[in-house]
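Student: Chains as they are written, first to last, in full-length UniProt numbering: chain F, 1 to 554; chain V, 1 to 319.
In this text, a Cβ means the ideal position worked out from N, Cα and C, and glycines have one as well.
Because the structure is a prediction, the values reported are computed rather than measured.
In structure tokens form, the structure reads like this:
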């Protein structure tokens with residue numbers, strides 16, 4: 001890099017004021033440069049400050065935060081020395097932003113075109129017809145369907161993957177020198193992610209723009225970035241070219257991040273397989289759905305003819321994209337969304353389809369752990385109270401017994417006993433998910449339905465939760481039904497896998513041979529879409545266009 | 001159903017619900033007034049009346065018929081525009097009310113004309129410059145206005161503007177309203193008092209609704225596109241806050257028809273609220289019922305209108 005850098009950040013510190021009025025430093029002196037046309041990835045777990053740094057390049061800090069020191073130069077401009085008005089002059093023209101969730105970043109009450117060309121209207125770059133023409137060209141370059149007319153629609157009328165590409169068009173309309181991508185594919189399904197990544201990559205290469213790509217996903221970053229900056233706790237841990245970071249990570253934290261990525265093959269359950277034993281869970285011809293029930297069938301039918309058996313002590317993974325009916329399956333088994341047809345057999349005994357009709361003992365045997373501990377745990381109750389309720393409900397324990405058992409449960413999920421007096425809001429994301437799990441364990445279940453329980457967690461934290469699940473399984477002889485959209489997670493904990501697509505099980509296969517044996521078209525598409533830790537993966541990826549057309553909502 | 005028809009379907013549904021509510025309320029109003037203590041015939045004839053006279057009057061007024069029959073009779077009359085005859089002075093209730101209602105609506109209309117634009121701009125402005133001196137000033141003022149009872153505001157206004165300064169007439173009704181300036185003068189004090197009462201809530205709700213949308217990612221996105229603060233608020237936040245704002249405005253305005261008894265009394269303004277209180281003291285059931293129905297209709301139509309605005313402002317329902 002001989003040319004003068006486009007962006008140069010020196011000694012950047014950003015402070016935040018907490019709700020209690022305490023001042024904390026969240027970015028503690030960060031230096032880096034970005035050359036013109038270079039794409040730099042900021043990678044790290046939540047709370048590492050990656051989004052904060054990226055936004056500060058636009059001179060923006062979120063409420064409560066403030067740039068307290070250092071300089072940020074963009075070209076000839078010193079962003080840190082500018083006032084708000086001068087900064088807003090740069091936003092959209094010199095540096096622009098692609099948001100994490102385009103679905104939330106588009107104003108629901110305006111047409112897409114109006115929002116895409118808003119930058120040109122704000123900065124008076126070009127007359128409206130010209131801007132619209134340019135937008136249509138960008139739509140075409142981003143491989144959007146119906147480029148001529150898609151702009152006339154409202155945001156809720158297009159799919160998530162399309163919105164994400166439209167948000168890139170919105171960022172590129174003002175020909176910026178630098179584009180900031182803030183986890184732009186995190187909210188997308190893997191099969192959609194590929195197309196979006198490809199579109200981003202090609203327009204960035206064509207335009208010769210520099211980019212900052214914020215992500216927690218090393219495999220995604222490997223496809224698009226030239227250089228990677230690894231962040232933790234508001235400090236840079238390591239900087240290197242993408243290949244360097246992947247091949248020879250120097251910093252222990254980077255190594256940890258990479259290790260969390262290594263697929264840990266799940267050793268098959270040691271319990272010998274006895275074919276005559278009753279399965280712990282058997283599902284026969286299950287149909288379920290939502291909405292008003294007419295003639296015994298709900299208006300919106302989700303699950304169609306689902307069948308499977310889960311043997312005691314084994315784990316069954318359920319994979320599929322959003323909308324495939326994975327969560328509905330867990331809810332139907334738990335009886336929260338009563339199935340309208342079919343049989344649920346638990347340990348050979350037929351269960352009532354609705355939660356309300358099941359006996360307390362049947363309820364106890366199958367417990368569900370929800371995806372978001374934040375919404376599953378009552379924020380106004382102490383951990384002791386949250387865990388104490390199932391103890392009283394299922395086992396009728398008095399307060400002394402409950403306290404002893406709560407301490408035991410916390411120990412089972414590897415949390416200190418003193419935590420029981422705290423409120424959920426005072427715990428970290430990983431700790432909350434452990435409490436969520438302990439709440440299920442309190443009932444002393446035989447089967448646990450895990451609905452995307454690691455999806456909201458950072459890679460390293462999620463790996464620890466998976467280890468905990470395995471330990472608990474050995475100690476308590478549990479069986480898990482494990483729902484996830486993340487194939488490597490499923491691979492590392494499950495014995496068998498069901499692939500779901502549009503409410504149907506399209507394929508059932510052993511987890512260990514998932515990538516090799518998958519024969520159904522959709523399973524193959526899904527498995528081949530998972531990004532690999534290899535810089536050439538996306539470029540070299542060839543997917544059968546017919547498969548893509550048949551199963552993907554691009 | 002095609003998507004474009006959904007909002008009309010929803011609006012028709014709201015109107016249907018409003019009509020059903022009206023029927024239920026009329027039922028409640030009729031039987032609640034029946035429960036008022038005292039027998040109409042006895043009250044009308046005074047304490048010296050003989051039991052025979054009372055019985056005769058009850059018969060003549062149809063009070064001996066079963067309640068449900070009288071309700072149906074009254075309801076059919078109501079639906080066809082016949083509000084019945086006052087027990088007290090034998091005049092048609094419609095005649096008694098019409099003049100008063102016009103007065104009330106005039107006062108409510110003038111107040112709306114002033115209060116709504118001012119309240120909305122203050123609320124939006126406070127949200128736009130949240131945390132500024134202006135915002136804090138507006139917040140403190142609205143809270144103090146909410147906590148001061150309206151008779152206090154009204155009395156103070158009379159004391160200052162009519163008694164001490166002599167700028168405005170103390171009584172609004174019957175004052176010379178020949179010219180614009182005279183009319184403004186006559187209405188100034190009741191309008192100011194009512195405006196204070198109804199604006200405070202509107203300002204607070206508008207501010208809260210706009211702030212809620214300002215905190216959404218699409219408004220942050222607008223900021224990152226280089227939009228000015230006013231563009232962020234007026235173009236991006238406000239259109240998405242219309243539903244809650246319309247509801248807050250409707251709730252506040254519904255107070256202007258039925259809830260203004262104190263202001264009507266202090267300024268001796270002959271509106272419907274005062275008429276109803278008088279009717280209660282004389283046990284004039286047909287008049288009470290009609291007034292109650294008028295309050296209910298005005299409240300329902302405002303709320304239904306706000307619902308319709310909220311439906312039409314939502315592009316998910318429109319397209």
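(1) For residue 46(F), which residues from the same chain have a beta carbon less than 8 angstroms from its beta carbon, with the 5 sequence-adjacent residues on both sides left out?
(2) So which residues on chain V does residue 93(F) lean against when the C-beta distance must stay under 9 angstroms?
(3) Label residue 346(F) either buried or exposed according to how many other C-beta atoms from any shown protein chain fall within 10 Å of its C-beta, with 16 as the threshold for buried.
(4) Quick check on this structure: which residue in 333(F), 97(F), 182(F) and 77(F) has the alpha carbon closest to the alpha carbon of residue 41(F)?
(5) Give me the Cα-Cα distance between residue 290(F) and residue 22(V), rounded to the nearest whole angstrom.
(6) Please report the straight-line C-alpha distance between residue 62(V) and residue 186(V), rounded to a whole angstrom.
(7) Beta-carbon of residue 58(F) versus every beta-carbon of chain V: anything under 9 angstroms?
(8) Work out the CA separation of residue 282(F) and residue 306(F) for me, nearest whole Å.
(9) Quick check for students: name the residue ranges of the beta strand (DSSP E) that lie wholly in the region 418-451 of chain F, counting only runs of 3 or more.
(10) So for residue 235(V), helix, strand or coil by DSSP?
(11) Output the boundary residues of the beta strand (DSSP E) element that contains residue 292(F).
(12) Please check the pair residue 174(F) and residue 123(F), which I expect to be a contact at CB under 8 angstroms, by giving their CB distance rounded to whole angstroms.
(13) So what does residue 23(F) bridge to, in DSSP terms?
(14) Extract the residue ranges of the alpha helix (DSSP H) inside the region 48-104 of chain V, only unbroken runs of 4 or more that lie entirely within it.
(15) Sorted by chain position, which residues of the same chain lie with C-beta nearer than 7 angstroms to residue 101(V)'s C-beta, five sequence neighbours on each side aside?
(16) Could you have a look at residue 502(F) and say whether DSSP puts it in helix, strand or coil?
(17) Can you give me the C-alpha to C-alpha distance between residue 51(V) and residue 19(V), rounded to a whole angstrom?
(18) Give the single residue among 207(V), 164(V), 166(V) and 157(V) whose Cα lies nearest to the Cα of residue 190(V).
(19) Strictly under 9 angstroms for the Cβ-Cβ distance: is residue 1(F) near chain V by that measure?
(20) Given that a residue counts as buried once 16 or more other Cβ atoms are within 10 Å of its Cβ, and exposed if not, what is residue 227(F)?
(21) Can you check whether the CB of residue 312(V) is closer than 9 angstroms to the CB of residue 11(V)?
(22) Can you tell me which of 240(V), 103(V) and 193(V) puts its alpha carbon nearest to the alpha carbon of residue 160(V)?
(23) Just to confirm my understanding: we take residue 305(V), look at its own chain, exclude 5 residues before and 5 after, and list those with CB closer than 8 angstroms. What are they?
(24) Check the Cβ-Cβ distances between residue 110(F) and every residue of chain V, and say whether any is below 9 angstroms.
(25) Counting C-beta neighbours from all protein chains within 10 Å, is the total for residue 299(V) 16 or more, i.e. buried, or is it exposed?
(26) Can we say the region 177-193 of chain F touches the region 86-102 of chain F, given the rule of at least three CB pairs closer than 8 angstroms?
(27) When you check each C-beta in the region 205-232 of chain F against every C-beta of chain V, which residues fall closer than 9 angstroms?
(28) Is the Cβ of residue 314(F) closer than 9 angstroms to any Cβ of chain V?
(29) Measuring CA to CA, which of 195(V), 93(V) and 169(V) is closest to residue 183(V)?
(30) If you draw a straight line from the alpha carbon of residue 94(F) to that of residue 67(F), how long is it in whole angstroms?
(31) What does the alpha-carbon distance come out to for the pair residue 554(F) and residue 519(F)?
(32) What would DSSP say about residue 512(F), mapped onto helix, strand or coil?
(33) Can you pull the chain F residues whose beta carbon is under 7 angstroms from the beta carbon of residue 8(V), in chain order?
(34) Can you find a CB in chain F that lies within less than 9 angstroms of the CB of residue 221(V)?
(35) Taking the C-alpha atoms as reference points, what is the distance between residue 128(F) and residue 216(V)?
(36) Thinking just about the alpha-carbon of each residue, which of 110(F), 260(F), 546(F) and 436(F) is nearest to the one in residue 463(F)?
Tutor: Reading off the structure:
(1) 216, 429 and 458
(2) 226
(3) buried
(4) 182(F)
(5) 33 angstroms
(6) 45 angstroms
(7) yes
(8) 10 angstroms
(9) 447-451
(10) helix
(11) 281-294
(12) 6 angstroms
(13) 17(F)
(14) 51-61 and 67-79
(15) 272 and 294
(16) coil
(17) 42 angstroms
(18) 157(V)
(19) Only weak support exists for where residue 1(F) lies, its pLDDT of 45 falling under 50; the value from the coordinates is given anyway. No, residue 1(F) does not count as interfacial toward chain V.
(20) buried
(21) yes
(22) 193(V)
(23) 246 and 250
(24) yes
(25) buried
(26) yes
(27) none
(28) no
(29) 169(V)
(30) 20 angstroms
(31) Bear in mind that the predicted position of residue 554(F) carries a pLDDT of just 47, short of 50, making it unreliable; the figure below should be weighed with that in mind. Near 22 angstroms, if we compare the C-alpha coordinates of residue 519(F) and residue 554(F).
(32) helix
(33) Within 7 angstroms Cβ-Cβ: nothing; residue 8(V) doesn't reach chain F, min ~18 angstroms.
(34) yes
(35) 27 angstroms
(36) 260(F)
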